[in-house]
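Trainee: Quick one: the structure is below, and I'll ask about it shortly.
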Amino acid sequence: MANDVQTEGLPVDFLHDGALFIEPFIRRYGLYAVFVVIYLESLGAPLPGESAVIATSLLAIRGDLAVTSLFLVVWIAAVLGDSTGYAIGRFGGRPLLVRYGWLGKLTAERQAKLEQLFRRRGPILVAGARFVVVLRQLNGLVAGSVGMPWRSFLLANVLGAALWAALWSFGPYFLGDLVKAVGH
Numbered sequence: 001m002a003n004d005v006q007t008e009g010l011p012v013d014f015l016h017d018g019a020l021f022i023e024p025f026i027r028r029y030g031l032y033a034v035f036v037v038i039y040l041e042s043l044g045a046p047l048p049g050e051s052a053v054i055a056t057s058l059l060a061i062r063g064d065l066a067v068t069s070l071f072l073v074v075w076i077a078a079v080l081g082d083s084t085g086y087a088i089g090r091f092g093g094r095p096l097l098v099r100y101g102w103l104g105k106l107t108a109e110r111q112a113k114l115e116q117l118f119r120r121r122g123p124i125l126v127a128g129a130r131f132v133v134v135l136r137q138l139n140g141l142v143a144g145s146v147g148m149p150w151r152s153f154l155l156a157n158v159l160g161a162a163l164w165a166a167l168w169s170f171g172p173y174f175l176g177d178l179v180k181a182v183g184h
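Be aware that the sequence shown starts at 1, since it is given in UniProt numbering, and climbs by one per residue.
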């Protein structure tokens with residue numbers, strides 16, 4: 001990261017370290033690298049999507065890229081990743097849950113409760129899960145597996161992804177000066 005940003009000794013050193021880690025990938029591949037991380041994380045892979053967005057947002061402070069472009073890439077990647085997970089869950093997840101659910105202690109009764117929960121509160125669960133690690137990764141797969149209607153899923157997915165992408169793209173970008181000021 002730039003030498004003019006002093007965060008040493010602050011509890012946010014990990015942001016600086018995250019920016020140092022992702023910076024070579026951003027320099028080489030641009031926002032494609034962020035897209036791949038967010039898409040795969042939203043699809044279910046255990047990747048550090050949130051950290052990548054925060055670190056890239058801090059790079060945007062330097063002018064290495066436009067924060068609005070970062071937001072759009074993150075939003076689109078999150079929606080597409082969750083939607084792919086939904087399709088996988090919808091067309092293949094249910095049989096797997098029925099057959100192997102017992103491995104995760106997902107009994108037929110628990111599955112019925114989960115399906116009922118998604119029928120009643122599916123859009124809230126989908127939008128809210130975006131902000132919780134692990135739930136964010138499994139969100140689309142579970143919603144598809146329990147048969148959440150596509151239209152409800154898509155609307156909640158688009159809204160939740162927009163809010164999440166805005167928080168982690170614009171938040172660090174606009175609060176970066178505040179973090180810098182606290183460090184001096």
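We put the beta carbon where it would ideally sit given N, CA and C, even for glycine.
Is Phe-153 helix, strand or coil when you go by DSSP?
Mentor: helix
Trainee: Note down, one range per segment and in chain order, each alpha helix (DSSP H) of at least 4 residues found wholly within the UniProt domain "VTT" (48-170).
Mentor: 49-61, 67-88, 94-100, 108-129, 135-145
Trainee: Can the beta-carbon of Leu-31 be found less than 8 Å from the beta-carbon of Leu-70?
Mentor: yes
Trainee: Would you be able to state if there are at least three C-beta pairs under 8 Å between the region 77-91 and the region 158-170?
Mentor: yes
Trainee: For Phe-118, which residues in the same chain have their Cβ closer than 6 Å to its Cβ, ignoring the five residues on either side in sequence?
Mentor: Apart from sequence neighbours up to five positions away, the residues of its chain that approach Phe-118 with a beta-carbon distance below 6 Å are Val-146, Met-148, ordered along the chain.
Trainee: Can you find the residues in the same chain that come closer than 7 Å, C-beta to C-beta, to Ala-165, ignoring five residues on each side of it along the sequence?
Mentor: Counting only Cβ-Cβ distances below 7 Å, and skipping sequence neighbours, we find Phe-71, Val-74, Trp-75, Ala-78.
Trainee: Under 8 Å, do Ala-156 and Val-126 count as touching if we go by C-beta distance?
Mentor: yes
Trainee: Which same chain residues, not among the five before or five after Leu-141, have their C-beta less than 7 Å away from its C-beta?
Mentor: Gly-44, Gly-85, Ile-88, Gly-89, Gly-93
Trainee: On a CA-only basis, which of Trp-150, Leu-175, Leu-135, Leu-65 is nearest Phe-29? Give me that one, please.
Mentor: Phe is not the amino acid found at residue 29; the sequence shown has Tyr there. The shortest Cα separation from Tyr-29 among Trp-150, Leu-175, Leu-135, Leu-65 belongs to Leu-65.
Trainee: Glu-144 to Ser-57, Cα distance in whole Å?
Mentor: Note that residue 144 corresponds to Gly in the displayed sequence, not to Glu. When rounded, the distance between both Cα atoms is 31 Å.
Trainee: Rounded to whole angstroms, what's the CA-CA distance from Val-5 to Tyr-39? Just pull it up for me.
Mentor: Low per-residue confidence applies at Val-5: pLDDT is 43, beneath 50, and the placement is therefore not dependable, though the value from the model is reported in the following sentence. Cα to Cα, Val-5 sits roughly 30 Å from Tyr-39.
Trainee: Could you check the C-alpha separation between Ala-55 and Glu-109 for me, to the nearest Å?
Mentor: 43 Å
Trainee: For Val-134, does the count of other Cβ atoms within 10 angstroms reach 16, so buried, or fall short, so exposed?
Mentor: exposed
Trainee: Considering only residues of the same chain and omitting the five flanking positions on each side of Ser-169, which have a CB-CB separation below 7 Å?
Mentor: Within the same chain, Ser-169 has close Cβ partners Val-53, Ser-57, Val-67, Leu-70, Phe-71, Val-74.
Trainee: Here's the rule: buried if 16 or more other CB atoms are within 10 angstroms of the residue's CB, otherwise exposed. What is Val-37?
Mentor: Residue environment analysis places Val-37 among the buried positions, since at least 16 neighbouring C-beta atoms fall within 10 angstroms of its C-beta.
Trainee: Mapping DSSP to helix, strand and coil, what is Gly-44?
Mentor: Three-state DSSP puts Gly-44 in coil, outside helix and strand.
Trainee: What is the DSSP secondary structure of residue 186, reduced to helix, strand or coil?
Mentor: For the chain, the structure presents residues 1 to 184; residue 186 sits outside this window and is missing.
Trainee: How should Gln-116 be labelled, buried or exposed, when 16 other C-beta atoms within 10 angstroms of its C-beta is the threshold for buried?
Mentor: By the neighbour-count rule (16 or more Cβ atoms within 10 Å), Gln-116 is not buried but exposed.
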